[in-house]
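Under numbering that gives the first Met the number 0, the residues of the first sequence are numbered 0 to 450, in order.
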Amino acid sequence: MADETQPARAPTGTRDVLFPESARWEALVARFAAQVEAAGYGLAHTPIFEETRVFRRGIGEGSDVVGKEMYEFEDRGGRSLALRPEGTAPVVRAFVQHRPPVPWKAWYVTPAFRSERPQAGRYRQHHQLGIEALGTGDADLDVEVVALAHDFLTGVGLAHLELKLHSMGDPTCRPAYLDALRDYLRTRRGELCAEHAERMEANPLRVLDCKRAECRAATATAPRMLDHLCEACRDHFDRVRDGLSALEVPFVVDDRLVRGFDYYTRTTFEFTASSLDAAQNGVGGGGRYDGLVEVMGGQPTPGIGFGIGIERLLLACDAEDAFDVAPPAHDAFVVDVVGGHVARDLTTRLRRAGLRADRAFDQRSMKAQLKAADRSGAWLAVIVGPDELTTGEATLRQLRARGDQVAVALGDVELAVRRAVDAARGSEAGRDGKAGARGADGDEDDEEETR
RNA sequence: GUGGGCGUAGCUCAGUUGGUUAGAGCGCCAGGUUGUGGUCCUGGAGGUCGGGGGUUCGAGACCCCUCGCUCACCCCA
Numbered sequence: 000m001a002d003e004t005q006p007a008r009a010p011t012g013t014r015d016v017l018f019p020e021s022a023r024w025e026a027l028v029a030r031f032a033a034q035v036e037a038a039g040y041g042l043a044h045t046p047i048f049e050e051t052r053v054f055r056r057g058i059g060e061g062s063d064v065v066g067k068e069m070y071e072f073e074d075r076g077g078r079s080l081a082l083r084p085e086g087t088a089p090v091v092r093a094f095v096q097h098r099p100p101v102p103w104k105a106w107y108v109t110p111a112f113r114s115e116r117p118q119a120g121r122y123r124q125h126h127q128l129g130i131e132a133l134g135t136g137d138a139d140l141d142v143e144v145v146a147l148a149h150d151f152l153t154g155v156g157l158a159h160l161e162l163k164l165h166s167m168g169d170p171t172c173r174p175a176y177l178d179a180l181r182d183y184l185r186t187r188r189g190e191l192c193a194e195h196a197e198r199m200e201a202n203p204l205r206v207l208d209c210k211r212a213e214c215r216a217a218t219a220t221a222p223r224m225l226d227h228l229c230e231a232c233r234d235h236f237d238r239v240r241d242g243l244s245a246l247e248v249p250f251v252v253d254d255r256l257v258r259g260f261d262y263y264t265r266t267t268f269e270f271t272a273s274s275l276d277a278a279q280n281g282v283g284g285g286g287r288y289d290g291l292v293e294v295m296g297g298q299p300t301p302g303i304g305f306g307i308g309i310e311r312l313l314l315a316c317d318a319e320d321a322f323d324v325a326p327p328a329h330d331a332f333v334v335d336v337v338g339g340h341v342a343r344d345l346t347t348r349l350r351r352a353g354l355r356a357d358r359a360f361d362q363r364s365m366k367a368q369l370k371a372a373d374r375s376g377a378w379l380a381v382i383v384g385p386d387e388l389t390t391g392e393a394t395l396r397q398l399r400a401r402g403d404q405v406a407v408a409l410g411d412v413e414l415a416v417r418r419a420v421d422a423a424r425g426s427e428a429g430r431d432g433k434a435g436a437r438g439a440d441g442d443e444d445d446e447e448e449t450r
């Protein structure tokens, strides 16, 4: 337990995301929302905790995430609850509960909790962006979902990205395959790494995913799911590949790809960022889960989705110098050296007029207030001192562009600020040859300027 | 859960084989300029040396415990 005399801090494995870093998060979520909403996905908020069985049944008792990493607790009524370790199960639970018309397409942004030892790109609370689409098993939907993930990731500026694609088969073909794989592994048991020699019976697929050289070698000639797909699964996989190729989404088929949750059927995929260390280079992944709705107590309904880790994605962006977001600048900073009531009134008027305005407090000196104005990144300082008070004017001073100070009537400040800021933005754009976008990718739109 | 590295001002760090009032740069505040930011100069504030115990005449330095951070394994976003 932590020392009670020490100041409290964020729990192990969690992070505070404060401004200006948070501005990047905000921009990332906004971009994701815009993209998936344009494709017909609607926002779904579901509780941050669920009945424990939602995850036990949904994700699978055998998975590490449920078996040893889930935050479980009893509430005061003795109910067993768990903090969500991932995003899909709760959304599927909500689908079963509310029976929305299909196809039902939802997106989410949510924290996810896993009780593991933190390290680079791995936290006890991390955040995911994701989509889920339920109600059709059409392979075109697989293509849509994968393409949306791809377009989003490349859209934020990631270039060094790899998409791995695989098929897990379905209840028709997978059991026979698992038997064949088990039979094979039994003959090679002595060659496997210690851990997998133990675990191979319970979870033979994991062995294929093992990074150790022994396991790699021992499984080089192991039977592969792709060779054991039933006709329906094979046809489905072919259509997914054809679709991705048609949309020019590059991928590699990886027949060792095994994802951590039990619910996957048929298409599974994973995006890795080669700019990150291999240990945590998975920035997102997902797949089809045609049996999950039924497991959750609903009518058999196919579905597919993906989740993207925000922290990892931003880490990958850092490694590639991508998605550099500049927080929006204030339009005006009011400098009041006559006691503060003018700042109080003017900032409010500017804000009510839709402008971004701030001020200093505590009646600081003009020098200090101008310094604060400069630091705030505001385009303009709106100065009111004794002189202005007697003439009923305010002085507008450009902080980031050339131009003389001008006096404007106090009653016209909103309009004058708007004009002066537009002019300053215009002249900066002219100099840079860019529309005021200080971010890396230059296509962030200036939605505020067009009013 | 297992193993390695590391905890000194808000931040990045220095601190000689244990020796007196613990330093720097940046940042912050103020003054130079009693009406003008971004440069410059001067000054100032700010430290339970992560916490607890021990060794010693003396500990930021050494030992033990503990908390935290970090990296790797496992697994995953």
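Cβ atoms here follow ideal geometry from the backbone N, Cα and C, with glycine treated the same way. The structure displayed is predicted, hence computed values, not measured ones.
Alpha carbon of residue i to alpha carbon of residue j, nearest angstrom
| i | j | result |
| --- | --- | --- |
| A245 | D330 | 46 Å |
| A105 | E50 | 21 Å |
| P222 | V65 | 28 Å |
| R311 | P117 | 13 Å |
| E443 | P19 | Here the model assigns E443 a pLDDT of 38, short of 50, so the residue's position is not dependable and the matter cannot be decided. |
| P102 | T135 | 6 Å |
| R238 | S375 | 53 Å |
| I382 | V337 | 10 Å |
| T453 | A7 | Nothing can be reported for residue 453, as the shown portion of the chain is limited to 0 through 450. |
| E319 | C229 | 41 Å |
| A231 | R424 | 58 Å |
| Y455 | Y263 | Nothing in the structure corresponds to residue 455, since the chain is present only between 0 and 450. |
| F332 | A29 | 27 Å |
| C214 | Q96 | 43 Å |
| L164 | G281 | 13 Å |
| P385 | G154 | 52 Å |
| G453 | A328 | One cannot answer for residue 453 here, as it falls past the ends of the chain, which runs 0 to 450. |
| A520 | G296 | The chain is shown from 0 up to 450; residue 520 falls before or after that span and cannot be answered. |
| T188 | R98 | One detail in the question is off: residue 188 reads as Arg in this sequence, not Thr. Roughly 47 Å between the two C-alpha positions. |
| G353 | F94 | 39 Å |
For residue j and residue i, believed in contact at Cβ under 8 Å, the rounded distance
| i | j | result |
| --- | --- | --- |
| G286 | F270 | About 12 Å separates the two Cβ atoms, so there is no contact after all. |
| A175 | H227 | 7 Å |
| V257 | D317 | No, V257 and D317 are not in contact; Cβ-Cβ is about 28 Å, not under 8 Å. |
| I58 | P110 | Contact flag wrong, Cβ pair sits at about 17 Å. |
| F250 | F151 | Not really, about 15 Å apart at Cβ, beyond 8 Å. |
| L349 | V412 | 7 Å |
| L243 | V145 | 6 Å |
| M224 | D254 | 7 Å |
| R92 | V53 | 5 Å |
Nearest candidate by alpha-carbon position, reference residue i, set the options
| i | options | result |
| --- | --- | --- |
| L489 | S21, T13, L414, A377 | Outside the shown range of the chain (0 to 450) lies residue 489, about which nothing can therefore be said. |
| T186 | T220, R205, V155, M167 | T220 |
| D178 | Y263, E194, A315, A201 | A201 |
| G61 | P117, L164, G77, L204 | L204 |
| H149 | F268, R211, V292 | F268 |
| I130 | K210, A43, A175 | A43 |
| F453 | V142, G77, Y70, G120 | It is not possible to answer for residue 453, since the shown part of the chain is limited to 0 through 450. |
| L191 | A216, S114, D182, V341 | A216 |
| G120 | I307, L243, E247, Q5 | I307 |
| A37 | E143, R351, L180 | E143 |
| V341 | A328, G353, Q362 | Q362 |
| P170 | P100, R265, G156 | R265 |
| G156 | K370, A315, D63 | A315 |
| V108 | D139, S114, G339, P89 | P89 |
| M488 | L184, K210, S426 | Outside the displayed span of the chain (0 to 450) sits residue 488, for which this structure offers no information. |
| T300 | L147, Q368, P100 | P100 |
| G339 | R351, L388, V294 | L388 |
Neighbour-count burial assignment, residue i, 16 or more Cβ in a 10 Å radius
| i | result |
| --- | --- |
| Q457 | This structure leaves residue 457 out entirely; the chain is present only between 0 and 450. |
| R303 | The question names Arg, but residue 303 in the sequence shown is Ile. Result: buried. |
| L379 | buried |
| I309 | buried |
| F461 | No statement about residue 461 is possible, as the shown extent of the chain runs from 0 to 450 and does not include it. |
| D373 | exposed |
| R9 | It is worth fixing the name first, because residue 9 is Ala in this sequence and not Arg. A9 is exposed by the Cβ-count criterion. |
| S166 | buried |
| R123 | buried |
| T45 | buried |
| Q5 | exposed |
| T346 | buried |
| E448 | Here E448 scores only 36 on pLDDT, less than 50, and its place in the model should not be relied on; the value that follows carries that caveat. Exposed is the call here. |
| G39 | exposed |
| T87 | buried |
Residue i beta carbon near the ligand GTP (any heavy atom closer than 7 Å)
| i | result |
| --- | --- |
| L369 | For the ligand GTP, the structure offers nothing, since it holds no ligand at all. |
Stretch-stretch touch, CB-based, cutoff 8 Å, three pairs: the region 143-162 with the region 269-288: yes
Contact between the region 400-410 and the region 346-366 (3+ Cβ pairs under 8 Å): no
Stretch-stretch touch, CB-based, cutoff 8 Å, three pairs: the region 15-32 with the region 317-336: yes
Cβ pair count under 8 Å reaching 3, the region 8-16 against the region 78-89: no
Sufficient close CB pairs (3 or more, under 8 Å) joining the region 393-400 to the region 410-422: yes
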